[in-house]
Amino acid sequence: MLRRSFFFLTVLSFSGLALPARAQQVLTLKEAIQTALQNYATLKAKANYVNASKAYVKQSQREYLPDLNVSFQQDYGTINGQSGPSYGYKGLSVASAGPALESQNWNAAFGALYLTNVNWDFFTFGRAKEKVKVSASVLDRDQNDLEQEKFQQQVRVAGAYLNLLAAQRFAQSEQNNLDRAVALRNVVVTRVKNGLNAGVDSSLSNAEVSNAKISLTRALDYEQEQENVLAQMMGVAPTEFYLDSLFLKRIPSAINDSSSLKPEDHPLLKYYKSRVAVSDEQAKYFHTFNYPTFSMFGVLQTKGSGFDYDYGQTKLNAYSSGYWDGVNPTRGNYLLGVGMVWNITNPLRIHQQVEAQKFTSKALNDEYELIDQRLRDQKILSETKIKNALANYVEAPIQVKSASDGYLQKSVMYKNGLSNIVDVTQALYTLNRAETDRDIAYSNVWQALLLKAAASGDFGLFINEF
Numbered sequence: 082m083l084r085r086s087f088f089f090l091t092v093l094s095f096s097g098l099a100l101p102a103r104a105q106q107v108l109t110l111k112e113a114i115q116t117a118l119q120n121y122a123t124l125k126a127k128a129n130y131v132n133a134s135k136a137y138v139k140q141s142q143r144e145y146l147p148d149l150n151v152s153f154q155q156d157y158g159t160i161n162g163q164s165g166p167s168y169g170y171k172g173l174s175v176a177s178a179g180p181a182l183e184s185q186n187w188n189a190a191f192g193a194l195y196l197t198n199v200n201w202d203f204f205t206f207g208r209a210k211e212k213v214k215v216s217a218s219v220l221d222r223d224q225n226d227l228e229q230e231k232f233q234q235q236v237r238v239a240g241a242y243l244n245l246l247a248a249q250r251f252a253q254s255e256q257n258n259l260d261r262a263v264a265l266r267n268v269v270v271t272r273v274k275n276g277l278n279a280g281v282d283s284s285l286s287n288a289e290v291s292n293a294k295i296s297l298t299r300a301l302d303y304e305q306e307q308e309n310v311l312a313q314m315m316g317v318a319p320t321e322f323y324l325d326s327l328f329l330k331r332i333p334s335a336i337n338d339s340s341s342l343k344p345e346d347h348p349l350l351k352y353y354k355s356r357v358a359v360s361d362e363q364a365k366y367f368h369t370f371n372y373p374t375f376s377m378f379g380v381l382q383t384k385g386s387g388f389d390y391d392y393g394q395t396k397l398n399a400y401s402s403g404y405w406d407g408v409n410p411t412r413g414n415y416l417l418g419v420g421m422v423w424n425i426t427n428p429l430r431i432h433q434q435v436e437a438q439k440f441t442s443k444a445l446n447d448e449y450e451l452i453d454q455r456l457r458d459q460k461i462l463s464e465t466k467i468k469n470a471l472a473n474y475v476e477a478p479i480q481v482k483s484a485s486d487g488y489l490q491k492s493v494m495y496k497n498g499l500s501n502i503v504d505v506t507q508a509l510y511t512l513n514r515a516e517t518d519r520d521i522a523y524s525n526v527w528q529a530l531l532l533k534a535a536a537s538g539d540f541g542l543f544i545n546e547f
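Here this note's numbering is used: the first residue of the sequence shown is 82, the next is one more, and so on.
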């Protein structure tokens, strides 16, 4: 569980710059996040867990109600009685009752029993209230679990969105590199045909074009992988996404802002804290089983019989086989009382159960402290990454400008026979690397801000930029 809880804090340090305008509909970051929150199956499952916990709370609140049973039966049969002990093993004996007669007879009549009883555990030393508190704490835990899952999912989708932007930019950069390699090869082939350069230059330029094609294929493959990841996060079928990349051209306005959220209000910390609360409430609930249960009970019973009160050896005809004569109640009894039940050996068992639950609470609290430490470390790391990303953001354009000028100079010199193919290809490589570094530097600023938002528990630091 700990590993699952930490991974959302790790955000890849790559993203992309603006891509050429496309005619297809652009998927914005907010739209991607909203789609994910609506479609992601894990969120749907945890929302149903919350609904289940709400139902359990209501069920626990109604546990305090008394048991009220109503029953009746209407029978038809004989009532031959016989003196002697018997045992109704597993209910395989009838409950007929009547006088012991000289011989068997088959006089039969209807009989009926109507019964209402109530039993109420009116005092259990707070057991019913503690059960409600346990159910309420479980509901609070499940709600916090849902909220932290939503928070993690927003961070995951934002990270996947930035990673796909990076992949698309890498593919575009490799396409530009291939175009430059092809243009260089055309120049080389022309000069070789005119005898101005050695044939080996043509071979080297062909190798550079092939290398550029391979690099482009790898970049496209990576882009497709990232599209698949984003589709999974959004809960939709994989497709070609056209993303909004204009925001990557600027520095976030909140890059140096601090979150107003208290550290203990981080969604993940609130979830882990609620796990401790559930365990603590369970320990209190178990403790109530040490004490007795006081109950109030009452019974109201009426009976009817087709056999008269004086039915017996001398009056075997004192009965009626009529249905209403048998089921009409003619006798009744009631009973009211108060009772107490206490298993005096329970404390010997419950003590260890409570102790075990207390150790569970300590273990859960240790996990809470570990998460808290990791989040504080991640927050410090995010500040460092922001500082480094801003420094690279300043240097990246300088590197691209210098590399571009160098490549232009070397290519012009080569056309005029003042440079060799090795120098030109080296300049080409330097320019491609500079463009890649620029893409990474620009995107790292946003990745660092996302990491800061994830570590502080305030996703608004990131999403409010859009």
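Cβ coordinates follow ideal geometry from the N, Cα and C atoms, glycine included.
query                                                                                                                                                                                        : result
Which residues mark the beginning and the end of the beta strand (DSSP E) in which residue 154 is found?                                                                                     : 148-158
From residue 289 to residue 297, what does the alpha carbon distance come to, in whole angstroms?                                                                                            : 12 Å
Would residue 269 pass as a contact of residue 260 if the rule is Cβ separation under 8 Å?                                                                                                   : no
If you run the structure through DSSP and keep just helix, strand and coil, what is residue 328?                                                                                             : helix
Have a look at 255, 191, 434 and flag the residue whose alpha-carbon is nearest the alpha-carbon of residue 301.                                                                             : 255
Measure from the alpha carbon of residue 317 to the alpha carbon of each residue in 134, 210, 309, then state which is nearest.                                                              : 309
Helix, strand or coil for residue 389, going by three-state DSSP, please let me know.                                                                                                        : coil
Kindly indicate which three-state DSSP category residue 343 falls into: helix, strand or coil?                                                                                               : coil
What does the alpha-carbon distance come out to for the pair residue 439 and residue 207?                                                                                                    : 19 Å
State the Cα-Cα distance for the pair residue 512 and residue 492, rounded to the nearest angstrom.                                                                                          : 12 Å
Can you tell me the Cα-Cα spacing of residue 123 and residue 209, whole angstroms?                                                                                                           : 33 Å
State buried or exposed for residue 187, treating a residue as buried only when at least 16 other CB atoms are found within 10 Å of its CB.                                                  : exposed
Give the range of the beta strand (DSSP E) segment to which residue 416 is assigned.                                                                                                         : 412-422
When the Cα atoms are used, what is the spatial distance from residue 430 to residue 437?                                                                                                    : 11 Å
Which residues bound the alpha helix (DSSP H) around residue 405?                                                                                                                            : 404-408
Helix, strand or coil: which one does DSSP assign to residue 240?                                                                                                                            : helix
Quick one: give me the first and last residue of the beta strand (DSSP E) that residue 199 is part of.                                                                                       : 190-204
Quick check on the DSSP output: what are the complete alpha helix (DSSP H) runs of length 4 or more inside the stretch 109-153, in order along the chain?                                    : 110-120, 122-142
Output the distance between the C-alpha atoms of residue 449 and residue 350, rounded to the nearest integer angstrom.                                                                       : 7 Å
Please work out which residues of its chain come closer than 6 Å, Cβ to Cβ, to residue 219, disregarding the five sequence neighbours upstream and downstream, and give them in chain order. : 134, 359
DSSP three-state call for residue 251: helix, strand or coil?                                                                                                                                : helix
Mind checking residue 211: buried by the 16 CB within 10 Å criterion, or exposed?                                                                                                            : buried
Counting C-beta neighbours from all protein chains within 10 Å, is the total for residue 395 16 or more, i.e. buried, or is it exposed?                                                      : exposed
Using the three-state DSSP reduction, which class does residue 400 fall into: helix, strand or coil?                                                                                         : strand
Determine the direct distance from the alpha carbon of residue 287 to that of residue 320, and round the result to whole angstroms.                                                          : 34 Å
Consult DSSP for residue 538 and reduce its assignment to one of helix, strand or coil.                                                                                                      : coil
May I ask you to report which of helix, strand or coil DSSP gives residue 277?                                                                                                               : coil
Can you tell me which of the three DSSP states residue 178 falls into?                                                                                                                       : coil
In terms of residue numbering, what span does the alpha helix (DSSP H) encompassing residue 450 cover?                                                                                       : 427-496
To the nearest angstrom, report how far apart residue 538 and residue 418 are at their CA atoms.                                                                                             : 58 Å
Quick one: grab the DSSP three-state call for residue 376.                                                                                                                                   : strand
Within 8 Å of any Cβ in chain B, is that where the Cβ of residue 518 sits?                                                                                                                   : Among the chains of the structure shown, chain B does not appear; only one protein chain is present.
Relative to the alpha-carbon of residue 390, which residue among 370, 377, 407 has its alpha-carbon at the smallest distance?                                                                : 407
From residue 119 to residue 112, what does the alpha carbon distance come to, in whole angstroms?                                                                                            : 11 Å
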